[in-house]
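Enquirer: The opening residue of the sequence shown carries number 1 in full-length UniProt numbering; numbering runs sequentially from there.
Idealized CB from N, CA, C, for every residue including glycine.
One structure follows; several queries about it will come next.
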Amino acid sequence: MKELQHLNKYFLKYKFYLIVGIIITIAARIFLLFTPRYVKKIFVAIERGSSGEISKEVFKYELSEAIAYIIGAAAIGAILTFFMRQTIINVSRYIEYDLKNEIYAQYQKLSLNFYKKNRTGDLMNRISEDVGRVRMYAGPAIMYSINTIALFVIVIIYMINASPKLTLYTILPLPILSVIIYKLSKEIHKRSTIVQEYLSKLSTFTQESFSGISVIKAYGIEPQTSSNFITLASQSKAKQISLVKVQAWFFPMMILLIGASNLLVIYIGGMQYINGEIESLGTIAEFIIYVNMLTWPVATVGWVTSIIQQAEASQKRINEFLKIKPEITNTTEATTNASGNIVFNNVSFTYDDTNIQALKNVTFSIKQGETLAILGKTGSGKSTILDLIGRLYDIDSGSIKINDISLNKHNLTNLRDSIGYVPQDAFLFSDTIKNNIKFGKETATEDDVINAAKNAQVHKNIIKFNNGYDTVLGERGITLSGGQKQRVSIARAIIKSPEILLFDDCLSAVDTETEEKILKNLNKISKGKTTIIVSHRVSSAKNADKIIVLDGGEIVQEGTHETLVNIAGYYKDLYLKQLSENTSGTS
Numbered sequence: 001m002k003e004l005q006h007l008n009k010y011f012l013k014y015k016f017y018l019i020v021g022i023i024i025t026i027a028a029r030i031f032l033l034f035t036p037r038y039v040k041k042i043f044v045a046i047e048r049g050s051s052g053e054i055s056k057e058v059f060k061y062e063l064s065e066a067i068a069y070i071i072g073a074a075a076i077g078a079i080l081t082f083f084m085r086q087t088i089i090n091v092s093r094y095i096e097y098d099l100k101n102e103i104y105a106q107y108q109k110l111s112l113n114f115y116k117k118n119r120t121g122d123l124m125n126r127i128s129e130d131v132g133r134v135r136m137y138a139g140p141a142i143m144y145s146i147n148t149i150a151l152f153v154i155v156i157i158y159m160i161n162a163s164p165k166l167t168l169y170t171i172l173p174l175p176i177l178s179v180i181i182y183k184l185s186k187e188i189h190k191r192s193t194i195v196q197e198y199l200s201k202l203s204t205f206t207q208e209s210f211s212g213i214s215v216i217k218a219y220g221i222e223p224q225t226s227s228n229f230i231t232l233a234s235q236s237k238a239k240q241i242s243l244v245k246v247q248a249w250f251f252p253m254m255i256l257l258i259g260a261s262n263l264l265v266i267y268i269g270g271m272q273y274i275n276g277e278i279e280s281l282g283t284i285a286e287f288i289i290y291v292n293m294l295t296w297p298v299a300t301v302g303w304v305t306s307i308i309q310q311a312e313a314s315q316k317r318i319n320e321f322l323k324i325k326p327e328i329t330n331t332t333e334a335t336t337n338a339s340g341n342i343v344f345n346n347v348s349f350t351y352d353d354t355n356i357q358a359l360k361n362v363t364f365s366i367k368q369g370e371t372l373a374i375l376g377k378t379g380s381g382k383s384t385i386l387d388l389i390g391r392l393y394d395i396d397s398g399s400i401k402i403n404d405i406s407l408n409k410h411n412l413t414n415l416r417d418s419i420g421y422v423p424q425d426a427f428l429f430s431d432t433i434k435n436n437i438k439f440g441k442e443t444a445t446e447d448d449v450i451n452a453a454k455n456a457q458v459h460k461n462i463i464k465f466n467n468g469y470d471t472v473l474g475e476r477g478i479t480l481s482g483g484q485k486q487r488v489s490i491a492r493a494i495i496k497s498p499e500i501l502l503f504d505d506c507l508s509a510v511d512t513e514t515e516e517k518i519l520k521n522l523n524k525i526s527k528g529k530t531t532i533i534v535s536h537r538v539s540s541a542k543n544a545d546k547i548i549v550l551d552g553g554e555i556v557q558e559g560t561h562e563t564l565v566n567i568a569g570y571y572k573d574l575y576l577k578q579l580s581e582n583t584s585g586t587s
């Protein structure tokens with residue numbers, strides 16, 4: 001139960017509903033206990049009527065009165081039971097809602113390193129399957145526990161008042177039941193943890209398969225993928241069956257022990273009646289009803305125990321992520337100005353997951369309103385510079401300043417609001433094209449969206465779709481071509497009119513003519529803004545105020561286009577190569 005203590009803050013939050021639910025539960029049990037008492041009165045009336053002690057009229061009256069009380073009490077008990085479920089089960093839904101929001105908020109805070117080390121399917125499973133199991137604890141498990149405790153206490157009191165000796169014999173099997181529950185619970189907890197781990201593996205596999213379905217089809221490996229899924233599903237099924245086999249012992253054991261209690265009531269009660277220790281057979285009938293009223297609550301003890309064990313295993317998995325401290329934290333609540341000069345001074349950075357040093361003592365500066373182009377081979381550290389400016393990672397050594405303020409002293413929200421970022425791998429949401437562009441600025445008007453699309457040279461493509469800007473894209477924007485996705489991403493970045501524009505090789509999938517048009521528009525849009533363009537093309541870099549060339553995480557060349565084309569090195573070689581390709585392509 002240690003892991004489930006995390007939910008105590010939610011129970012305190014909804015304590016009013018829980019207290020009301022407990023009161024209603026106790027009241028419902030009290031009304032339902034009218035039945036055995038009045039059944040006893042019916043038996044007594046029958047005995048008195050058959051012996052001639054009372055007249056037929058009196059017998060009919062007592063019989064009718066008892067039946068009326070039974071029906072009335074049952075009706076009131078049923079209504080109270082309904083309200084009991086409405087209060088306590090609703091609390092579990094509130095807690096489920098709050099817990100999912102807490103987990104999602106934590107996911108939002110965690111750094112990119114976390115997502116590199118954990119699979120999407122596992123993250124999804126913890127916020128869905130695991131939270132679902134925890135909800136069962138916060139709702140049905142608590143409701144039935146309160147119900148069982150209330151019923152037990154009230155029934156045992158009634159039974160002792162009716163016959164202390166018969167009560168003692170009736171509850172004899174209960175200690176045996178407690179030992180069985182304890183033994184089975186430990187095993188259920190262990191197997192529940194394994195089951196949840198396999199559910200995560202299954203979720204991860206299916207999520208990756210669906211996301212990469214185009215690759216699977218392109219390589220024709222559907223049979224192999226299907227075989228791998230069947231293997232994993234079979235392993236998961238085996239673990240589930242292993243758990244169910246243990247859970248299956250609960251109900252037979254409960255019914256057996258309740259049946260034993262019934263036999264004891266009939267035998268011991270019968271002997272007491274014969275010996276004159278109890279005055280009516282109605283007492284035996286009353287006890288049998290009491291025992292059978294306890295049958296379901298006692299049977300649910302096993303079910304509730306199983307729910308609690310599974311919930312604890314799930315909450316443990318949830319707590320593992322909730323306890324992780326975000327690597328990137330907001331160091332100030334004060335509003336900071338993230339516009340101005342950007343200065344890198346001897347910046348070095350190594351990725352934790354691969355231990356690859358991406359940058360080594362990188363130093364450069366760019367003034368507000370200027371454009372910097374970064375070129376270099378694959379893996380030279382170009383994209384890393386953009387990630388560091390957005391503070392997606394913290395540097396190992398050196399310093400980064402924007403507007404003469406250290407990057408880690410900037411308000412993180414203000415910093416990222418000031419940046420328009422177009423990543424190398426254009427990611428679009430499964431939503432309309434309009435909403436994908438408005439993602440950069442939710443308050444944007446339709447005219448703003450169209451202007452941004454025009455500046456990104458994608459407007460003409462969009463209006464050709466049947467639904468235009470209301471076209472719903474497939475997952476990750478699969479509906480669009482690579483070039484169209486890049487241009488929609490550019491529109492999304494420029495619509496927010498940020499102070500800093502970061503373009504990470506975002507024109508690689510468009511032709512040269514379209515690239516020229518986009519760059520021309522960007523030159524107008526970026527007036528007074530700080531712009532950094534990462535590219536493999538000289539055509540994207542030639543108009544920049546400053547160009548740096550990276551190799552192995554170090555700056556090997558720096559200057560303007562005119563300077564670098566006249567110096568032997570990577571930039572000149574790339575320029576001549578691409579010039580030759582364009583010339584041959586034109587001819």
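Per the contact definition of three or more C-beta pairs closer than 8 Å, is the stretch 553 to 573 in contact with the stretch 386 to 401?
Expert: In short, these stretches do not touch, since the Cβ pair count stays below three.
Enquirer: Check Thr148 in the structure and name its three-state DSSP category.
Expert: For the purposes of this step, residue 148 is taken as residue 148 along the sequence shown, with counting starting at 1. The answer is helix: DSSP assigns Thr148 an H, G or I state.
Enquirer: Can you give me the start and stop residues for the beta strand (DSSP E) that Asn435 sits inside?
Expert: Stepping through the sequence shown from its first residue, residue 435 is reached at position 435. Per DSSP, Asn435 belongs to no beta strand (DSSP E); it is in the alpha helix (DSSP H), 433 to 438.
Enquirer: Can you tell me whether Val422 is buried or exposed, with buried defined as 16 or more other CB within 10 angstroms of its CB?
Expert: On the sequence shown, residue 422 is found 422 positions in, with the first residue counted as 1. It counts as buried.
Enquirer: With DSSP as the reference, label Tyr14 as helix, strand or coil.
Expert: As a first step, residue 14 is located in the sequence shown; it is residue number 14 there, counting from the start. Three-state result, Tyr14: coil.
Enquirer: Between Met143 and Tyr290, which are expected to be in contact by the criterion C-beta below 8 Å, what is the C-beta distance as a whole number of angstroms?
Expert: Translated into the one-based positions of the sequence shown, residue 143 becomes position 143. Translated into the one-based positions of the sequence shown, residue 290 becomes position 290. Actually they are not in contact, since the Cβ atoms of Met143 and Tyr290 sit about 22 Å apart, beyond 8 Å.
Enquirer: Which of the three DSSP states, helix, strand or coil, is assigned to Ser211?
Expert: Stepping through the sequence shown from its first residue, residue 211 is reached at position 211. Ser211 falls in the helix class under three-state DSSP.
Enquirer: On the three-state DSSP scale, how would you describe Val565?
Expert: In the sequence shown, residue 565 corresponds to position 565, counting from 1. Three-state result, Val565: coil.
Enquirer: Taking the alpha-carbon of Leu322 as reference, which of Arg126, Tyr570, Thr25, Asn543 has the nearest alpha-carbon?
Expert: Counted from its first residue, the sequence shown places residue 322 at position 322. Minimum Cα distance to Leu322 is reached at Arg126.
Enquirer: Determine the closest residue to Leu172 out of Glu129, Leu263, Ser128, Arg191, with distance taken between C-alpha atoms.
Expert: For the purposes of this step, residue 172 is taken as the residue at position 172 of the sequence shown. The shortest C-alpha separation from Leu172 is found at Leu263.
Enquirer: Let me know the beta strand (DSSP E) ranges lying completely inside the stretch 190 to 260, each 3 residues or longer, listed in chain order.
Expert: List check, beta strand (DSSP E) in window: nothing returned.
Enquirer: Using a 10 Å radius around the Cβ and a threshold of 16 neighbouring Cβ atoms, would you call Arg29 buried or exposed?
Expert: Counting from one through the sequence shown, the residue named residue 29 turns up at place 29. Its Cβ being crowded by 16 or more others within 10 Å, Arg29 is buried.
Enquirer: How close, in whole Å, do the beta carbons of Asp353 and Lys117 come, if the pair is a contact with beta carbons under 8 Å?
Expert: Reading the sequence shown from its first residue, position 353 is the one you call residue 353. Reading the sequence shown from its first residue, position 117 is the one you call residue 117. Rounded, the Cβ-Cβ distance is 6 Å, consistent with contact.
Enquirer: Using CA atoms only, rank isn't needed, just tell me which of Asn319, Leu123, Phe287, Gly270 is closest to His6.
Expert: Translated into the one-based positions of the sequence shown, residue 6 becomes position 6. Ranking the options by Cα distance to His6, first place goes to Asn319.
Enquirer: Whose CA, out of Ala453, Glu499, Leu372, Arg48, lies closest to the CA of Ile548?
Expert: Looking up residue 548 in the sequence shown gives position 548. Among Ala453, Glu499, Leu372, Arg48, the Cα nearest to that of Ile548 belongs to Leu372.
Enquirer: Quick one, are the C-beta atoms of residue 593 and Phe349 less than 8 Å apart?
Expert: Because the chain here runs from 1 to 587, residue 593 falls outside it and cannot be looked at.
Enquirer: Can you tell which of Ala491, Ser406, Pro140, Leu256 has the C-alpha that lies nearest to the C-alpha of Asp447?
Expert: On the sequence shown, residue 447 is found 447 positions in, with the first residue counted as 1. Among Ala491, Ser406, Pro140, Leu256, the Cα nearest to that of Asp447 is on Ala491.
Enquirer: Where Leu294 and Ile67 are concerned, what is the direct C-alpha to C-alpha distance, given to the nearest angstrom?
Expert: Taking the first residue of the sequence shown as 1, we reach residue 294 at position 294. Taking the first residue of the sequence shown as 1, we reach residue 67 at position 67. If I take the Cα positions, the gap works out to 22 Å.
Enquirer: Ends of the alpha helix (DSSP H) at Tyr115?
Expert: Along the sequence shown, one-based indexing puts residue 115 at 115. Residues 112 to 117.
Enquirer: At which residues does the alpha helix (DSSP H) containing Gln486 begin and terminate?
Expert: On the sequence shown, residue 486 is found 486 positions in, with the first residue counted as 1. Run containing Gln486: 482 to 494, per the alpha helix (DSSP H) assignment.
Enquirer: Pull the bridge partners of Val472 from the DSSP assignment, please.
Expert: Taking the first residue of the sequence shown as position 1, residue 472 is located at position 472. Note: Val472 sits in a beta bridge opposite Thr432.
Enquirer: For Lys546, does the three-state DSSP call read helix, strand or coil?
Expert: Here residue 546 refers to the residue found at position 546 when the sequence shown is read from its first residue. Correct three-state label for Lys546: strand.
Enquirer: Secondary structure at Asn275, three-state DSSP: helix, strand or coil?
Expert: For the purposes of this step, residue 275 is identified with residue 275 of the sequence shown, where counting begins at 1. Correct three-state label for Asn275: coil.
Enquirer: Measuring CA to CA, which of Arg37, Asn330, Ala334, Leu243 is closest to Lys186?
Expert: Here residue 186 refers to the residue found at position 186 of the sequence shown. Among Arg37, Asn330, Ala334, Leu243, the Cα nearest to that of Lys186 belongs to Leu243.
Enquirer: In whole angstroms, give me the CA-to-CA distance for Ile500 and Thr531.
Expert: As a working mapping, residue 500 is identified with position 500 in the sequence shown. As a working mapping, residue 531 is identified with position 531 in the sequence shown. Rounded to whole angstroms, Ile500 to Thr531 spans 6 Å at the Cα level.
Enquirer: Can the beta-carbon of Thr60 be found closer than 8 Å to that of Gly282?
Expert: Taking the first residue of the sequence shown as position 1, residue 60 is located at position 60. Taking the first residue of the sequence shown as position 1, residue 282 is located at position 282. Per the sequence shown, residue 60 should be read as Lys rather than Thr. For Lys60 and Gly282, no; Cβs fall outside 8 Å.
Enquirer: If you draw a straight line from the alpha carbon of Gln309 to that of Gly77, how long is it in whole angstroms?
Expert: By 1-based counting over the sequence shown, the position of residue 309 is 309. By 1-based counting over the sequence shown, the position of residue 77 is 77. Their Cα atoms are separated by approximately 30 Å.
Enquirer: My output table needs one value for Ser587: the three-state DSSP class, helix, strand or coil.
Expert: To locate residue 587, count along the sequence shown from 1; it is residue 587. For Ser587, the predicted model reports a pLDDT of 46, less than 50, meaning its position is unreliable; a value from the coordinates is still stated below. If DSSP states are grouped into helix, strand and coil, Ser587 belongs with coil.
Enquirer: Using the rule of at least 16 other Cβ atoms within 10 Å of the residue's Cβ for burial, across every protein chain shown, is Leu168 buried or exposed?
Expert: Here the question's residue 168 lines up with position 168 in the sequence shown. Per the 10 Å Cβ criterion, exposed.
Enquirer: Under a Cβ-count criterion, where at least 16 other Cβ atoms within 10 Å of its own Cβ denotes burial, should Ile253 be classed as buried or exposed?
Expert: Walking along the sequence shown from the start, residue 253 turns up at place 253. Per the sequence presented here, residue 253 reads as Met, with Ile not at that position. Met253 comes out buried.
Enquirer: If you draw a straight line from the alpha carbon of Leu18 to that of His459, how long is it in whole angstroms?
Expert: The residue labelled residue 18 in the question sits at position 18 within the sequence shown. The residue labelled residue 459 in the question sits at position 459 within the sequence shown. Answer to the nearest angstrom: the Cα atoms are 56 Å apart.
Enquirer: Can you confirm whether the stretch 401 to 412 touches the stretch 425 to 438 when touching is taken to mean that 3 or more C-beta pairs between the two stretches lie within less than 8 Å?
Expert: With the cut-off at 8 Å, the stretch 425 to 438 and the stretch 401 to 412 do not touch.
Enquirer: List the DSSP bridge partners of Thr530.
Expert: Working through the sequence shown from its first residue, we reach residue 530 at position 530. Answer is Ile500.
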